[in-house]
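Quick note, the sequences are listed as chains A, B, C and D, same order. Counting in my numbering, the first sequence runs from 115 upward without gaps. Counting in my numbering, the second sequence runs from 115 upward without gaps. Counting in my numbering, the third sequence runs from 132 upward without gaps. Counting in my numbering, the fourth sequence runs from 132 upward without gaps. Here the structure is laid out as structure tokens; the discussion comes afterwards.
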Amino acid sequence: MSQTKKPVEEIDRVAIRFAGDSGDGMQLTGTKFTESTALAGNDLATFPDFPAEIRAPAGSLAGVSGFQVHFASEDIRTPADHPDVLVAMNPAALRTNLPDLRPGGMVIVNTDAFTTKNIAQAGYEEDPLPAARDSHRLVEIPLTSLNREALKDLKLGARETDRCKNFFALGIMFWLYNRPAESTERWLGGKFKGDVLEANLRVLKAGHAYGETTELFPVSFVVPRAKIQPGTYRNITGNTALAWGIVAAGQQLEQPIFLGAYPITPASDILHELARYRHFGIKTFQAEDEIAAACSAIGASFAGHLGICTTSGPGFILKQEALGLAVMTELPVVVVDVQRAGPSTGMPTKTEQADLLAAVYGRNSDSPIPVLAPSTPGDCFHTMIEAFQIAVRYMTPVVVLSDGYLANSSEPWLIPDVGALPRQTVDYATDPETFQPYSRDPETLARPWAVPGTPGLEHRLTGIESEDVTGNVSYIAENHEKMVALRSEKIARIANDLPPIETNGSASGELLVVGWGGTCGALTAAVNEARESGQDVSSIHIRHLNPFPSNLGDVLGSFKQVLVAELNQGQLWRMLRAEYLVPAESLAKVEGQPFKISEVRARIDQMLGGGAH
Amino acid sequence: MSQTKKPVEEIDRVAIRFAGDSGDGMQLTGTKFTESTALAGNDLATFPDFPAEIRAPAGSLAGVSGFQVHFASEDIRTPADHPDVLVAMNPAALRTNLPDLRPGGMVIVNTDAFTTKNIAQAGYEEDPLPAARDSHRLVEIPLTSLNREALKDLKLGARETDRCKNFFALGIMFWLYNRPAESTERWLGGKFKGDVLEANLRVLKAGHAYGETTELFPVSFVVPRAKIQPGTYRNITGNTALAWGIVAAGQQLEQPIFLGAYPITPASDILHELARYRHFGIKTFQAEDEIAAACSAIGASFAGHLGICTTSGPGFILKQEALGLAVMTELPVVVVDVQRAGPSTGMPTKTEQADLLAAVYGRNSDSPIPVLAPSTPGDCFHTMIEAFQIAVRYMTPVVVLSDGYLANSSEPWLIPDVGALPRQTVDYATDPETFQPYSRDPETLARPWAVPGTPGLEHRLTGIESEDVTGNVSYIAENHEKMVALRSEKIARIANDLPPIETNGSASGELLVVGWGGTCGALTAAVNEARESGQDVSSIHIRHLNPFPSNLGDVLGSFKQVLVAELNQGQLWRMLRAEYLVPAESLAKVEGQPFKISEVRARIDQMLGGGAH
Amino acid sequence: MAAQAATPLKAKDFVSDQDVRWCPGCGDYSILKNVQRVMPDIGVPKEDVVFVSGIGCSSRFPLYMDTYGFHTIHGRAPAFATGIKAARPELSVWVVTGDGDGLSIGGNHLMHVLRRNLDVQILLFNNRVYGLTKGQYSPTSRVGMNTKSTPQGSIDHPIDPVSFALGAGATFVARAIDVDGPHLQEMLKRASAHPGTALIEILQNCPVYNDDEWVEVQERKSRAKTALVLEDGEPLVWGGPGERRGIAITDGVPSIIALGDDEDPTSKGVAVHDESHQSPSYAFALASLARPDFPVPIGVFRAVEKPSYERMLQDQVDAASVKAGPGDLHALLNSGDTWTVEA
Amino acid sequence: MAAQAATPLKAKDFVSDQDVRWCPGCGDYSILKNVQRVMPDIGVPKEDVVFVSGIGCSSRFPLYMDTYGFHTIHGRAPAFATGIKAARPELSVWVVTGDGDGLSIGGNHLMHVLRRNLDVQILLFNNRVYGLTKGQYSPTSRVGMNTKSTPQGSIDHPIDPVSFALGAGATFVARAIDVDGPHLQEMLKRASAHPGTALIEILQNCPVYNDDEWVEVQERKSRAKTALVLEDGEPLVWGGPGERRGIAITDGVPSIIALGDDEDPTSKGVAVHDESHQSPSYAFALASLARPDFPVPIGVFRAVEKPSYERMLQDQVDAASVKAGPGDLHALLNSGDTWTVEA
Ligand SMILES: Cc1ncc(C[n+]2csc(CCOP(=O)(O)OP(=O)(O)O)c2C)c(N)n1
Ligand SMILES: Cc1ncc(C[n+]2csc(CCOP(=O)(O)OP(=O)(O)O)c2C)c(N)n1
Ligand code: SF4
Ligand code: SF4
Ligand SMILES: [Mg+2]
Ligand SMILES: [Mg+2]
């Protein structure tokens, strides 16, 4: 596509939200815009916000689907509190999204969708456009008719034709922000053929041309490349990074992977992704339920594979009994919980961080399991490798807590150099002379991994309390006490391998903001902004939630005030108070939505005694 | 049976342990001795200690079954740390139990069982009796032959004959402690007939006569009646009291009971007991698994019954998903977890208190549930009534944490006056004009209970987040936040109904010992002993573990030191530290065995700076 | 079976105030409409009707019925229904489930409710896919099916819901088609009248993730060739003129017999449909019929009477009350050995 | 099926060093002994053998076998076995379960492993009671059975394991008796050789909680009258001289035909046993036979071949590796749209 003749204005950053009906293809539009933006070399962050799993009636408020992309020429960490631009495909999309827009922001609407019926269905008493003209920079485009016009000579049905209009809109946005369309065109070529391909390519161009010619847009914008670390990048969501991290763990530990999983939002995509990697020797098994998924993964671990299962909250708690068995038999297996808003079925497509205590404490009796949480989409990749390293080195199940926000959001990701990824060899026991099922490595306290097929190492594992060293069933009080202690000491020793926690900001001071998991971007951004505005606040982000890094107590003790910010009612907050007796405060948000930077800053201001910004 | 001619010595208290092979009937012997002792008016406490669920080889260490009974003319609270008398039916029983005996205590052995083979099977290198003669007061009785002799003219098989020998031993013990045999004779009469009845009655008498005539016992003993609160008493185990508490709840709340349960040690007996009370309108349902048990109970609650399920640790965690639904739909259902030693299958017949954190926090997302724990066998009765009162008043699931020790131990129980038990009426919603599924009682925040069959109140419940008041499915962030807050505020308000926690000892001072659940007897006894010996120590026992009683923080704050004693690795300890930032210490015992008084006293001594006793 | 309603109700009385949320063209719409239509005929007062479901597109069903409803957790609806019906035998309890909800995570509960013969109606919407989680294969999906979780094709041999139900001892099993309203309504009435567990497998189209799975039997023109409509007392015959065929069952194994247009099927060995064989093996032979070799049987496979669970339970309660009198708490607490300490 | 052992093993090579802990007289002893005896004949090296179980008296079994063993949690053994076998198809994997473990809490996993046709052997010890938890009724207990949890008698209609398995699509189903060693050993060999899921229901006596449940078929003298021994290609005939009888199956429904001592059964309509009918309905008709009206069939009900789960999975892995080459992590990470930021 040709370069624009209109003036081009350079801006630092912009956040755009695409919003429309579930049937309008907003997730796809957003994703394609993001890819193009990534290729243009900006730093970026995205936030897809799905409606409930099931299709809501067309045009209803419940059916609105949104995708926000934030891109900049500088380092950014969140999809932005308030978008600058809203593309609203219908009245319902306008209604649910307008309040989030920054005051005076740009609103691009498909005027064809503002029929009386649609307006009423969105719950408006009257046409909202006149008011929007006053409050925002409203750009009114008859997208549906323009799209139909562009395709009228193709033999497509009315439905198929109308389905292209999101690419018309995408074409306009490509023009408006001077994004290259090639990656989208390439993708279309791989996905469609015939008239449908032609139609999509055509409206993408038509949208672009419309942008160039219409008087609605006097200027277009460009966001210069970000000055980011050199290297090869790709755009990645948390779920993809997590799946790839599992692939990588198999490669780096040179062990075959066995995934047992049962579909559940928002974890299913990990299963889908891994099912495509049979050529990596990865076996995926869609089990009959989450219990079978966990048991099959533990069975595979017993058989010498890297067993893993991926799920979300309601499925996670179904696995606890099986996890208890993995604790007792000390088998390496990794369980990923992509947390979603609850309790119970809750709001499956919304994010939350409220399974932490269940992960650490949710089994019958004291049954310690290490727990890790990635902090960004790309970090999901590295966390999975580490999770398997811990599992195998300490012969223990490991829980990884991702969340719905990480799962679906994307960020540009510096593709790691495979040669620089950690490698770890796995030694199965082989010597019948010295083998004892519950003998222990003196350093890690791990018991040996002796897999079927090894002559002379035949042994039996059981969930009944086992005798130290021999593994025979034992009901002796002293043995039980010893085994309970060994199991917890083993997990505690993992802390010896952990890097000390690093503080963002100063090593001591007035206020420390503590977070974990997928809130890293928002918390760090808020703290950095506050520091820039002169406030004495620092932050840490805890990746290892059980055991905690050894220096955590000291770090917490170096600040006068501690604020634990999390998307739950204060779960890490409780753990830190219990462990370190630190009088921390809690910033708890439980709305199914990620933190806004402003929410965190407001609390920082309050704790530091009045607003500095 | 005639009164003894030998001298009778009066003693204050004695603890006897009956121990033998699983096939020797020790649990029965102990129970009958206990009943007789109860009828004799002593205060008492028992501790049955079963081997693993499955039959171990006869004569093996793993097959030893023990039953300890402690009785006194004064108030006692535990089965005693160290028995004074051991009845050992075979070498294995001697080997596993002798170390527990108080130095110089009496050991009664069945010498016939001390064959070379049995001695070897118990792991002794040589006959242990000579050594025992030195260390203890050893009474050697050829029980098997005496028993055979007494029955030789009956037409019983060898096996049936030998099976009576425990009643020979019981007869001896009845003589030795001047217990009445009538209750046992009555029981035999109801249970057996013909030769078997005759045989048992005969050896019971023969044992008694043997005591009177043998020179092995120069004196017999009598423990005078205890000076206890007037009233009618019975002996009761925790499981029976718990089952009866459920019956009582149905009567006092005038609601039918529906029990969904799946057998599991040590909770199965509650199901067995309740299955006998169909005439109370109680329906029991043996479900296909624990999940179905929980779901059926919740279904029954939805239908307007008092739904309950009873289980133990591994079964309890399987119910968490269903419990989450009960949190979300705010239905009254009670779940009893009779905790056992774990993790995983663990040691099913041994006790532990390690499911507290799982009960409070073990569900996906923040899903608050009130948690109660009875403190003595008889208290299980009252706890169940209270659990249902809370469930119905606040429209919430409730968890009750019993344990293996409470379940099987017994104590004399002052039979409550039915007229004095709490009554509570349950009001179903009936008015179609005002009904809203999620409207709330302004005081308790409870939503209405509207049961099928009520015209005009048709409504739908769901585990998806529901809109405040209407209960319609809602994905709105603000609504979710509000509902999360309402659910936790509702549970927090239960504290308004709770009596302030009472301190045993002084209201403030040097050291406070904190406990919960089935350890009450041991902790109180230890603290009372310590106080008597002049130490500045008091204790509290927490019955309401979520929410805590309102004055708990103040009570904790009134002592310089706090010690939290529990049969786990410090679960309540963590909760108290997190909640009140109190620098409590933890006395954690995880052996599958209850506390010994001496263990608690040792720690008190240590914390008070050196032994006073 | 519950009491009859006083004033006649209409289909719209069973329509709740919630927006129905399924994709356009989903077979669930037709099923919903037919259930709402047939409820007045069934005639239970709507306050006595309870719809219980698990999780899935299909499991949203109760939200749209203006009766009592409980949309529970994935796979467990039969267990909730057991508590409801066992507690309150007078209610009319309907379970709605999907092929994933009912046969994947929930297979065990379905098996047990069937064998216990609890008097509930179970509508199993079989679209051979997981709709709500956006298109993974289900336990009824065909080998080779390409889905999100099986990009190289499914390798699980599918389970047939009717065979499974018969293996579990079901007393009433039927099959219906989402879009064949009159037949579906008849099956619903039959199920409601059956005094035990009544399972109806409803072949349901999911246009989004598994379109046209059942098109052969859904479309009227092909149905005559592909569906064997079961009618009690009638021979197992299908096909229009010139294509008439029948099913014979020899040593338990079904085979196809070609028939002339006027030929007497029974004389050629064609079996006569009998819903009420005490032995489930006849119905099982029918259940083993499947496309492409055989036609798909539609209708009631089996309908036999056995005492229902909640009935037997209530009988025990009633008998115990007669025998022991109403429960007396004081007497219970004071039963067995007691002793009195005087003041 | 796994590789053959190099040196011949003996029964005692399969005896672990743990004390066997069952009650005196328990049928489990006999089963254990026969499994240990037959293992050398089956000939898999013992390091390649894995016994997996759930929880129950029966589930203690692996502890006593000197092979690899995994005594897991209640009801889930088939799921553990799935992970083991799918990961390592070369292992010989045996599941031991009870009527409670396998059919109560574990029914769903059992159903799914059967339909997937994973190549494992499943030994279901059916004593019609919960032994380990000391005597509650199980899903196979008869209506009216008095147990601790059913003092007024059980009201659950029992499930028949063989019918259940056939309803789930089982490719190999057999029944054996704890104390009939030679027959049991033959069934074990057949199961081991079957390339798919092989389920053997073993009628097992629990002298403590449900004594003599199977005494009619356990005792040699009554067995001739009460058991129908299935042999491939032989007519369905049982009973000694003067009591000879056969089973005919008409329209799928079995009935009894009286036979003279020398009469040709087939000419009287008695069916001939055929394990390998593609249709499961013949075997299901056999499975519906039960005392007291019919004899109890013993032997192989069904044995047909279908691709096994772990085989198809491995084939996909192999095919993918051929097609796409071995996985290349660098290539994966760099696939799709990437961009490079220069230094
Ligand atoms: C414990 C649990 N696991 C998984 C899920 C996710 N889930 C919801 S519905 C469903 C499958 C639905 O399939 P089906 O029953 O066939 O219903 P359909 O949507 O096809 O009507 C799954 C896997 C869940 N909600 N809960
Ligand atoms: C989750 C869970 N629920 C319940 C139990 C208790 N339990 C152990 S074995 C068993 C039943 C065993 O019956 P069956 O499988 O027939 O074995 P048997 O003892 O008769 O051989 C039960 C209910 C358990 N261990 N775990
Ligand atoms: S996904 Fe399929 S089953 Fe679900 S609503 Fe849409 S069309 Fe119906
Ligand atoms: S309880 Fe029954 S099944 Fe269990 S070991 Fe004893 S006899 Fe065998
Ligand atoms: Mg489906
Ligand atoms: Mg059994």
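Backbone N, C-alpha and C define an ideal beta-carbon position, used for all residues, glycine too.
Distance cut-off 7 angstroms: residue i Cβ against heavy atoms of ligand 1
i, result
"histidine 205(C)", "yes"
Burial state of residue i (16 or more Cβ within 10 Å)
i, result
"alanine 455(B)", "buried"
"valine 431(D)", "buried"
"aspartate 230(D)", "buried"
Residue i: CB within 7 angstroms of a non-hydrogen atom of ligand 6
i, result
"glycine 262(D)", "yes"
"aspartate 545(A)", "no"
Cutoff 6 angstroms; reference residue i; Cβ partners in own chain excluding five residues on either side
i, result
"histidine 727(A)", "Note that histidine 727(A) has pLDDT 45, beneath the 50 cutoff, so the model's placement of it is unreliable and the number below is only indicative. For histidine 727(A), where only same-chain residues beyond five positions count, the Cβ hits under 6 angstroms are Ser647."
"alanine 609(B)", "Pro661 and Ser664"
"alanine 501(A)", "Val448, Leu486, Val512 and Val514"
"alanine 329(D)", "Gln252, Phe303 and Ala322"
"serine 553(A)", "Val583"
Residue i CB to nearest heavy atom of ligand 4 below 7 angstroms
i, result
"proline 377(B)", "no"
"tyrosine 268(D)", "no"
Residue i beta carbon near ligand 3 (any heavy atom closer than 7 angstroms)
i, result
"aspartate 309(C)", "no"
Cβ neighbours of residue i in the same chain (closer than 7 angstroms, five flanking residues each side left out)
i, result
"glycine 725(A)", "With a pLDDT of only 48 at glycine 725(A), under 50, the local geometry of the prediction cannot be trusted, and no value is derived from it."
"leucine 302(B)", "Leu311, Asn314 and Leu315"
Residue i: CB within 7 angstroms of a non-hydrogen atom of ligand 5
i, result
"glycine 456(D)", "no"
Closer than 8 angstroms to chain D by CB, residue i
i, result
"phenylalanine 662(A)", "no"
"threonine 151(B)", "no"
Same chain, Cβ closer than 8 angstroms to residue i, neighbours up to 5 away in sequence not counted
i, result
"arginine 348(B)", "Ala152, Pro526, Trp527 and Ile529"
8 angstroms Cβ cutoff, residue i in contact with chain B
i, result
"valine 678(A)", "no"
"isoleucine 529(A)", "no"
Residue-level contact to chain A via CB, residue i, 8 angstroms cutoff
i, result
"arginine 168(D)", "no"
"glutamate 579(B)", "yes"
"lysine 231(B)", "no"
Beta carbon proximity, residue i to chain C, threshold 8 angstroms
i, result
"proline 556(B)", "no"
Report task. Starting from the N-terminal side, write out each stretch of the beta strand (DSSP E) that is 3 residues or longer and does not extend beyond the region 453 to 508 of chain A. Result -> none
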